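Comments concern the structure below.
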Amino acid sequence: MPAVAVVGGQWGDEGKGKIVDYLSQNAHIVARYSGGNNAGHTVMNEAGEFKFHLVPSGIFWPQTTCIIGNGVVVDPDVLWQEIQGLAGRGVDVAARLRLSDRAHLIMPYHILLDQLEERSRGRDAIGTTGKGVGPAYVDKTARSGIRVGDLLDLEGLLPRLQAILEYKNKLITRVYDGTPFSVEQVFERCRTWLERLEPFIAPVEMTMRQALEEQRSVLLEGAQGSLLDLDHGTYPYVTSSHPTVGGACIGLGISPRDVTGICGVFKAYSTRVGGGPLPSELNDATGDAIRQRAWEYGTTTGRPRRCGWFDAIAARYSASVNGFTDAILTRLDVLDGFHPVKVCVEYRYDGREMRHFPSSTAQLAHCTPVYEELPGWERPTAGLTRWEELPKEAQRYVARLEELIGSPISLISTGPRRHETIALRSVL
Ligand code: IMP
124 MPAVAVVGGQ WGDEGKGKIV DYLSQNAHIV ARYSGGNNAG HTVMNEAGEF KFHLVPSGIF
184 WPQTTCIIGN GVVVDPDVLW QEIQGLAGRG VDVAARLRLS DRAHLIMPYH ILLDQLEERS
244 RGRDAIGTTG KGVGPAYVDK TARSGIRVGD LLDLEGLLPR LQAILEYKNK LITRVYDGTP
304 FSVEQVFERC RTWLERLEPF IAPVEMTMRQ ALEEQRSVLL EGAQGSLLDL DHGTYPYVTS
364 SHPTVGGACI GLGISPRDVT GICGVFKAYS TRVGGGPLPS ELNDATGDAI RQRAWEYGTT
424 TGRPRRCGWF DAIAARYSAS VNGFTDAILT RLDVLDGFHP VKVCVEYRYD GREMRHFPSS
484 TAQLAHCTPV YEELPGWERP TAGLTRWEEL PKEAQRYVAR LEELIGSPIS LISTGPRRHE
544 TIALRSVL
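Going from the sequence shown to my numbering is simple: count from 1 and add 123.
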């Protein structure tokens, strides 16, 4: 039985939530490996519409154990809200959800610092989600983070928290002129988090290992997208974690040998939210039309997403960084009625053609797209479930993307609901 990773192939918001929910019907474990509540996953199924930021999207299937791995940074208040929301709608979340004791906590000062740092960046702001994700990862790397497991020893935590807050408060007040935190208040919140979350805390690596040894099927759920990866994305306009498949091994404590499938999820066009280059961005009526039709507004922040045509240079780069065994195409239906549909197949930089994704973000910002035009299709694809039902122009578009990405397209999503899916090859 395989461990299959579901990885964002672009700049996030590719529709991974629906895909993970769909694939979870065959999974025993669904494990989230990176990011925090900067992510927003929407799942629509028989039980209704759900928006998650932390809980894995496989939570609705009764046979699953859902894991929040060590690579995730956790805002305990957000997690608690999601747990309560799910429990209130009849999901047996207590039985199904486990939280790694090695995951780091997003503390209240991380959220404030995220906002203060962004403000101080002025015109160079990254456009973060303001949820404290970056500062939490900074502390993890600086070895001054607080982990979920630390809550289990509150007496031991107190002196560490005092020392950390002494430093953070200096930073907040002296550098940013902000309001300091009281140790007592933050410590009280730690106590509340422990009361609420203790039943969920577990050494989840053992659960993962056991499942893999027993040949159970495991789904590794990515957040954000490969082009937002701290190392491989458009630095510094990236998130502070590793959405690429390497992050799945680190973020769950499993071996690369356990990962037998790597699915790159691609939207049929491009979007990006926040700052940083998007070479195929459409600042025109077509871009607006895509945004409105697809309702491209952030699940987490409500910000309008920047929209553009599919960028095959970026997609191929993402495929090479991840080694995708499969590609999954989402939101094909959004392009119904567009004539023609375009795909960026080359960049122009400094008067010359360029077919690779540059490591320099400044260079990428000066790349202009060269498009290949394909005939559009009139007949709606929304909700279709069989390849043969797709208009032949849509089939041609999918086949061309497959060729350009360089990985076989195994699933096509034609709508937000589970059944609105064309399965071409089995993934899990
Ligand atoms: P942060 O992750 O909040 O620090 O934000 C860093 C960058 O990643 C910003 O451009 C965000 O808009 C972007 N980002 C973070 N999470 C997501 C996501 O789930 N979807 C799309 N963009 C995201």
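We treat Cβ as the ideally placed atom computed from N, Cα and C, and that holds for glycine. A quick note: this is a predicted structure, and the numbers were derived from the prediction, not measured.
Beta carbon of Gly181: closer than 7 Å to some heavy atom of the ligand IMP? Here residue 181 corresponds to residue number 58 of the sequence shown, with the count starting at 1. Incorrect: Gly181 has no Cβ contact closer than 7 Å to the ligand IMP.
Using only the alpha-carbon positions, how far apart do Val464 and Glu496 sit? Counting from 1 along the sequence shown, the entry for residue 464 is found at position 341. Counting from 1 along the sequence shown, the entry for residue 496 is found at position 373. The straight-line gap from Cα to Cα measures roughly 6 Å.
Spatial distance of Gly272 from Leu320 (CA atoms): Within the sequence shown, numbered from 1, the residue matching residue 272 stands at position 149. Within the sequence shown, numbered from 1, the residue matching residue 320 stands at position 197. Gly272 and Leu320: Cα-Cα distance of roughly 11 Å.
Give every residue of the same chain whose Cβ lies closer than 8 Å to the Cβ of Pro402, excluding the five residues on either side of it in the sequence, and list them in chain order. As a working note, residue 402 is residue 279 in the sequence shown. So the qualifying residues of the chain are Gly431, Asp434, Ile436, Ala437, Cys467, Tyr470, Leu487, Cys490, Thr491, Pro492.
Can you give the Cα-Cα distance for Ile287 and Val306, rounded to whole angstroms? Along the sequence shown, one-based indexing puts residue 287 at 164. Along the sequence shown, one-based indexing puts residue 306 at 183. Their backbone Cα atoms lie some 10 Å apart in a straight line.
Segment limits, beta strand (DSSP E) that includes Glu469: Position 346 of the sequence shown, counted from the start, is the residue given in the question as residue 469. Start and end: 464-472.
Environment of Leu281 [buried if 16+ CB atoms lie within 10 Å]: Here residue 281 refers to the residue found at position 158 when the sequence shown is read from its first residue. With fewer than 16 other Cβ atoms within 10 Å, it is exposed.
Closer than 7 Å: Lys141 CB and nearest the ligand IMP heavy atom: On the sequence shown, residue 141 is found 18 positions in, with the first residue counted as 1. Lys141 Cβ: outside cutoff for every heavy atom of the ligand IMP.
How do the stretch 401-416 and the stretch 179-190 stand: do at least 3 beta-carbon pairs fall below 8 Å, yes or no? no
Under a Cβ-count criterion, where at least 16 other Cβ atoms within 10 Å of its own Cβ denotes burial, should Trp418 be classed as buried or exposed? Taking the first residue of the sequence shown as position 1, residue 418 is located at position 295. It counts as exposed.
Nearest residue (CA-CA) to Lys293, options Glu172, Tyr232, Gly140: By 1-based counting over the sequence shown, the position of residue 293 is 170. Cα-wise, what sits closest to Lys293 is Tyr232.
Cross-strand partners of His479 (DSSP beta bridge): Counting from 1 along the sequence shown, the entry for residue 479 is found at position 356. Answer is none; His479 lacks a bridge partner.
Which of helix, strand or coil DSSP assigns to Met331: The count along the sequence shown starts at 1 and reaches residue 331 at position 208. DSSP places Met331 in helix when its eight states are reduced to three.
Within a Cβ cutoff of 7 Å, which residues of the same chain sit near Val444, ignoring the five residues on either side of it in sequence? What you label residue 444 is simply residue 321 of the sequence shown in a count that begins at 1. Around Val444: Ser349, His355, Thr367.
What's the gap between the Cα of Thr252 and the Cα of Ala371? Within the sequence shown, residue 252 is the residue found at index 129, counting from 1. Within the sequence shown, residue 371 is the residue found at index 248, counting from 1. Spanning the two alpha carbons is a distance of roughly 22 Å.
Check for me: the alpha helix (DSSP H) holding Asn445 runs from which residue to which? Sequence index remark: in the sequence shown, residue 445 carries index 322 (1-based). Where Asn445 is concerned, the enclosing alpha helix (DSSP H) stretches over 435-445.
Just checking my contact of Lys254 with Asp237 at CB under 8 Å: how many whole Å lie between their CB atoms? In the sequence shown, the residue the question calls residue 254 occupies position 131. In the sequence shown, the residue the question calls residue 237 occupies position 114. About 7 Å; that satisfies the 8 Å criterion.
Mapping the DSSP letters down to three states, classify Pro427 as helix, strand or coil. Translated into the one-based positions of the sequence shown, residue 427 becomes position 304. Reduced to three states, the DSSP call for Pro427 is strand.
So with Cβ pairs under 8 Å, would you call Ser340 a contact of chain B? Although the question refers to chain B, the structure presented lacks it and comprises just one protein chain.
Considering just the uninterrupted stretch of the beta strand (DSSP E) at Pro366, what are its terminal residues? As a working note, residue 366 is residue 243 in the sequence shown. Per DSSP, Pro366 belongs to no beta strand (DSSP E) and is neither H nor E.
Report the three-state DSSP secondary structure of Lys254 (helix, strand or coil). The residue you call residue 254 lines up with position 131 of the sequence shown. Coil, per DSSP.
Output needed for Ile206: all residues of its chain with C-beta closer than 6 Å, excluding positions within five of it in sequence on either side, in chain order. Working through the sequence shown from its first residue, we reach residue 206 at position 83. Around Ile206: Val216.
Proximal residues to Val214 (C-beta, below 8 Å), its chain only, five neighbours per side dropped: Sequence index remark: in the sequence shown, residue 214 carries index 91 (1-based). Ala170, Ile182, Phe183.
Where Gly257 and Arg414 are concerned, what is the direct C-alpha to C-alpha distance, given to the nearest angstrom? As a working mapping, residue 257 is identified with position 134 in the sequence shown. As a working mapping, residue 414 is identified with position 291 in the sequence shown. In a straight line, the C-alpha of Gly257 is about 27 Å away from that of Arg414.
Let's see if you can read the secondary structure: which residues bound the beta strand (DSSP E) around Pro282? To locate residue 282, count along the sequence shown from 1; it is residue 159. Looking at the DSSP string, Pro282 is not in any beta strand (DSSP E); the run it does join, the alpha helix (DSSP H), is 277-293.
Thinking C-alpha only, which one of Pro125, Val130, Ala126 is nearest Leu351? Here residue 351 refers to the residue found at position 228 of the sequence shown. Among Pro125, Val130, Ala126, the Cα nearest to that of Leu351 belongs to Val130.
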